[in-house]
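Q: Take this structure, written in structure tokens, and hold onto it; I'll ask about it next.
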Amino acid sequence: MKWLLVCCIVILGLASARADILEVTVVEPYVDMHSGPASEYPVFHIIEQGQSVAVLKTRTGWYKVRTAKGIEGWIVADDLVMAEIAPGQTVALPEYRFEDYQQRTFEFGVYTGRLDNSNSLSVSAAWAMTQNIVAEVSATQALGEYAENQLWLVRVQHFIFPKWRLSPYMTLGFGQIRTTPDTTLIQGGGESRTSDLMEVGLGARYYLLRNFSARLEYKRLTALTARDDLEELNQWQLGFSVFF
1 MKWLLVCCIV ILGLASARAD ILEVTVVEPY VDMHSGPASE YPVFHIIEQG QSVAVLKTRT
61 GWYKVRTAKG IEGWIVADDL VMAEIAPGQT VALPEYRFED YQQRTFEFGV YTGRLDNSNS
121 LSVSAAWAMT QNIVAEVSAT QALGEYAENQ LWLVRVQHFI FPKWRLSPYM TLGFGQIRTT
181 PDTTLIQGGG ESRTSDLMEV GLGARYYLLR NFSARLEYKR LTALTARDDL EELNQWQLGF
241 SVFF
């Protein structure tokens, strides 16, 4: 379980690193600060050249910033397209939008849910081959009352409507499941067993903001046991992912 928690912490660290507040210095002669993220909102403050601001969040074509005096407002992205992080050193501010998500390359996720009657925790890494097709690998740990299950899966996701903010998708994959009985509860049943897995599933992805999205997923898993029997498992999971 420790290795899976470490993976979750790493992914959360990557996400939080992207969410850190960035301090920049205005290089334009002056910048208008609006009360909202649209030109219809009035200008209520002027930021002069050389003043520092903290970039709090982004909206399409706009940045929400806070001055050193604590004044918060919205700035047109073009007015802050290049800003200094140190004297003479400029940085292009990132601005993630849904259009960027559609062009993503890599994505990492953390999910929690249920594998039959057991609580489960999963991490995943994905490569977007096209807007419709995504290849993904995942690892899941499920702790039940009588046994611990570890799953490794490789899958292909097909997004039916990739240009929708809320987009359904189908999955098809394969992998393995390793089941280790709890020896404190089951006498003489301490040997682990590994079985091959086949997966079919349905899910929905919702783009949240910046480089974050949420996913709800159901998977039907079929395990081929050592006795050549087929064991059916149901998995539900909900979580979020961060893209780069």
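Numbers 1 to 244, taken from full-length UniProt numbering, label the letters of the sequence shown in order.
The C-beta atom is built at its ideal place from N, Cα and C for all residues, glycine as well.
1. Would you list, in sequence order, the uninterrupted beta strand (DSSP E) runs of no fewer than 3 residues that lie entirely inside the UniProt domain "SH3b" (19-84)?
2. Once the 5 residues before and after Trp-236 are set aside, which same chain residues still bring their CB inside 6 Å of it?
3. Under a three-way DSSP split, which group does Tyr-206 fall into?
4. If I measure Cβ to Cβ from Ala-223 and keep anything under 6 Å in the same chain, skipping five residues before and after, which residues do I get?
5. Return the chain-ordered list of same chain residues with a C-beta closer than 6 Å to the C-beta of Ala-204, the five sequence neighbours on each side being excluded.
6. Starting from Glu-107 and walking both ways along the beta strand (DSSP E), at which residues does that stretch end?
7. Hey, out of Ile-71, Tyr-63 and Gly-70, whose CA is closest to Ala-77's CA?
8. My understanding is that Val-156 touches Ala-135, with C-beta atoms under 8 Å, so please give their C-beta distance in whole angstroms.
9. Ser-241 and Gly-73 look like a contact to me (Cβ under 8 Å); what is the Cβ gap, rounded to whole Å?
10. What are the boundary residues of the beta strand (DSSP E) that Tyr-146 is part of?
11. Return the CA-CA distance between Ala-68 and Gln-49, expressed in angstroms with no decimal places.
12. From Ile-160 to Asn-132, what distance separates their C-alpha atoms?
13. Is the beta carbon of Ala-54 less than 7 Å from the beta carbon of Glu-99?
14. Do you know offhand how far Asn-234's Cα is from Arg-220's?
15. Kindly indicate the opening and closing residues of the alpha helix (DSSP H) around Glu-99.
16. Anyone know if the C-beta pair for Arg-104 and Phe-243 falls short of 7 Å?
17. Closest to Ala-125 by C-alpha separation, out of Gln-150, Val-154, Ala-142 and Glu-145, would be which residue?
18. Does DSSP classify Asp-182 as helix, strand or coil?
A: The structure says:
1. 22-25, 30-34, 43-48, 52-59, 62-67 and 72-76
2. Numbered from its first residue, the sequence shown carries residue 236 at position 236. Taken in chain order, the residues that qualify are Gly-113, Arg-114 and Tyr-218.
3. Along the sequence shown, read from residue 1 onward, the residue named residue 206 stands at position 206. Tyr-206 carries a strand assignment under DSSP once its states are collapsed to helix, strand and coil.
4. For the purposes of this step, residue 223 is taken as the residue at position 223 of the sequence shown. Within the same chain, Ala-223 has close Cβ partners Ile-177, Ser-195, Leu-197 and Glu-231.
5. The residue you call residue 204 lines up with position 204 of the sequence shown. Excluding positions up to five away in sequence, the list reads Pro-168 and Leu-216.
6. Indexing the sequence shown from 1 puts residue 107 at position 107. Note, Glu-107: beta strand (DSSP E), 106-115.
7. Position 77 of the sequence shown, counted from the start, is the residue given in the question as residue 77. Checked all of Ile-71, Tyr-63 and Gly-70; the closest Cα to Ala-77 is Tyr-63.
8. As a position in the sequence shown, residue 156 is number 156, starting the count at 1. As a position in the sequence shown, residue 135 is number 135, starting the count at 1. At roughly 6 Å, the Cβ-Cβ gap stays under 8 Å, so Val-156 and Ala-135 are in contact.
9. The residue you call residue 241 lines up with position 241 of the sequence shown. The residue you call residue 73 lines up with position 73 of the sequence shown. The pair is not a contact, with the Cβ atoms about 31 Å apart (cut-off 8 Å).
10. Here residue 146 corresponds to residue number 146 of the sequence shown, with the count starting at 1. Per DSSP, Tyr-146 belongs to no beta strand (DSSP E) and is neither H nor E.
11. Locating residue 68 in the sequence shown gives position 68, where the first residue counts as 1. Locating residue 49 in the sequence shown gives position 49, where the first residue counts as 1. Rounded to the nearest angstrom, the two C-alpha atoms are 13 Å apart.
12. One-based indexing of the sequence shown puts residue 160 at position 160. One-based indexing of the sequence shown puts residue 132 at position 132. Each residue's Cα considered, the two are about 7 Å apart.
13. The sequence position of residue 54 within the sequence shown is 54, counting from 1. The sequence position of residue 99 within the sequence shown is 99, counting from 1. Not in contact: Ala-54 and Glu-99 (Cβ atoms no closer than 7 Å).
14. Taking the first residue of the sequence shown as position 1, residue 234 is located at position 234. Taking the first residue of the sequence shown as position 1, residue 220 is located at position 220. Cα to Cα, the separation comes out at about 5 Å.
15. Residue mapping note: residue 99 aligns to position 99 of the sequence shown, counting from 1. Here the alpha helix (DSSP H) through Glu-99 covers 98-102.
16. By one-based count along the sequence shown, residue 104 stands at place 104. By one-based count along the sequence shown, residue 243 stands at place 243. Yes, Cβ-Cβ distance for Arg-104 and Phe-243 is below 7 Å.
17. Here residue 125 is taken as the residue at index 125 of the sequence shown, counted from 1. Checking every option, the nearest Cα to that of Ala-125 belongs to Val-154.
18. As a first step, residue 182 is located in the sequence shown; it is residue number 182 there, counting from the start. Looking at Asp-182 - three-state DSSP - the assignment turns out to be coil, as it is neither helix nor strand.
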